[in-house]
Amino acid sequence: MDAPREVRVGLIGYGFSGATFQAPLIATTPGLRLTRVCSSQGERVLRDFPGVAVVAAPAELIESGEVDLVVVATANASHAPLARQALLAGKHVVVEKPFTITLDEGAELIALAEERQLVLSVFHNRRWDSDFLTLRQAIESGLLGPVNTYEAHFDRYRPDVRGRWREQDLPGSGLLYDLGAHLIDQALVLFGNPDCVNCDMGVQRGAAGGSASDDYFHLTMRYGARRVILHAASLVLQAGPRFTVHGETGSFIKHGMDPQEAALIRGERPGAPSWGVEAEAQHARIGFVKGGLTVSGKAASLPGRYQDYYKGLFDAIVNGKNPPVTAREALAVIKIIHLALQSHAQQRTVTFE
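For reference, each letter of the sequence shown is one residue, going -2 to 350 in this note's numbering.
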């Protein structure tokens, strides 16, 4: 049997996402080889990856004969034009979440990728968080019964507004496009498209001329009698549960965040001892009724597996499998964001059509 061919990867952007997530995960995925990085931080790139070529312009990377897959890890407003340029050059493409700013941009990219028979995927890595994997298994195994209330929080304490584009008054900036994309994607994985959406959002760090973009949102998605509540804020010093989920036969309550991002920042990589393993103190409390018995205790978290994203992507490119996150799934996230913005602007519940 022939050995799987190598997929050569070019990374556009070496900011937080590119340096913390994309490059390390690419470098530790069998079959992928990081060959080019487009960045103004050439010294930093070469310090981290000495054998990689650093280029100054995205076009130089995209047109390179040493690149099969282009990873776009730049500001949100540049996702669509860079992805389009890469697809037109015959490259497979990964886009950092959120996929695009507008629905039309996303639909155009999907049509282009399908026309050219190229893989187009979006990096919704938090499908592989340890807590979400554990919760998903608890739901799909039937331990909780049909879910009636699902509440997910992504709260942080960041009182100082930084100069990053994410916190400025720019297209695609703000907490809803940032952390909201993660929470929405997780909810859609579990429950599919909602009946309707209601959202309140705002700027809470603006009392002294702070944020220029939203730093708080509270989004409710309705599925018949089920309520899915997604919440994120930037002024939460003592965070409550990450997940609070109640079903007809059980409940799941989980504090704390997946450890993989912190491990990547420390320089650890998938394959290291205890990769993705949460501390026991962060394990979820779970209770359920089974066979007339009421059972309660801790549910040990399944290990987080961010590495599965790029393993699945390699399989999609080389073996024709479905990408780990399809572009159509990612476009559904953008649709929910648009409905949330509409709901907030009009102060009403908006139907999902």
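From the three backbone atoms N, C-alpha and C, an ideal C-beta is built for every residue, glycine too.
- The closest CA to that of residue 334, considering only 168, 271 and 235, is found on 168.
- Beta-bridge annotation (DSSP): residue 173 is not paired with any residue.
- For the pair residue 63 and residue 29, the CB atoms are not nearer than the 9 angstroms cut-off.
- Counting along the chain, the unbroken beta strand (DSSP E) around residue 195 starts and ends at 193 to 199.
- Between residue 93 and residue 129 the beta-carbon gap is near 19 angstroms, outside 8 angstroms, which marks them as no contact.
- In the DSSP assignment, residue 295 falls within the unbroken beta strand (DSSP E) covering 290 to 296.
- DSSP, read as helix, strand or coil, puts residue 94 in coil.
- Residue 148 has 226 and 241 as its beta-bridge partners, per DSSP.
- Under the DSSP definition of a beta bridge, residue 217 partners with 195 and 226.
- Closest in alpha carbon position to residue 285, among 71, 243 and 96, is 243.
- For residue 101, the closest of 40, 343, 345 and 324 by C-alpha to C-alpha distance is 324.
- Proximity to residue 12 across 6, 20 and 187 peaks at 20, based on C-alpha coordinates.
- According to the DSSP assignment, residue 66 belongs to the beta strand (DSSP E) that extends over 66 to 69.
- In the structure shown, the three-state DSSP call for residue 271 is coil.
- Comparing alpha carbon positions, the residue from 260, 174 and 288 closest to residue 276 is 260.
- Within the same chain, and ignoring the five residues on either side of residue 330 in sequence, the residues whose Cβ sits closer than 6 angstroms to its Cβ are 178, 181 and 182.
- Shown here for residue 131: same chain residues with a beta carbon closer than 7 angstroms to its own, the five before and five after excluded, namely 281, 296, 298 and 299 in chain order.
- Contact check for residue 66 and residue 91: beta-carbon distance about 7 angstroms, within the 8 angstroms limit, so the pair qualifies.
- Per DSSP, residue 158 has no beta bridge partner at all.
- Shown here for residue 136: same chain residues with a beta carbon closer than 7 angstroms to its own, the five before and five after excluded, namely 144 and 187 in chain order.
- In summary, residue 107 is buried, with 16 or more beta-carbon neighbours lying within 10 Å of its beta-carbon over all protein chains present.
- Residues of the same chain with a CB within less than 6 angstroms of the CB of residue 327, apart from the 5 flanking positions on each side, are 96 and 119 in chain order.
- For residue 285, the three-state secondary structure derived from DSSP is strand.
- Contact annotation: the segment 225 to 232 touches the segment 147 to 157, with at least three C-beta pairs closer than 8 angstroms.
- Closest in C-alpha terms to residue 288, from the list 139, 117 and 264, comes 139.
- Going by beta carbons, residue 283 and residue 250 fall inside the 9 angstroms limit.
- Comparing alpha carbon positions, the residue from 40, 47 and 41 closest to residue 32 is 47.
- In terms of Cα proximity to residue 134, the closest of 342, 209, 301 and 199 is 301.
- Rounded to whole angstroms, the Cβ separation of residue 256 and residue 304 is 14 angstroms, and the two are not in contact under 8 angstroms.
- Residues of the same chain with a CB within less than 8 angstroms of the CB of residue 104, apart from the 5 flanking positions on each side, are 328 in chain order.
- Rounded to the nearest whole angstrom, the C-alpha separation of residue 149 and residue 210 is 22 angstroms.
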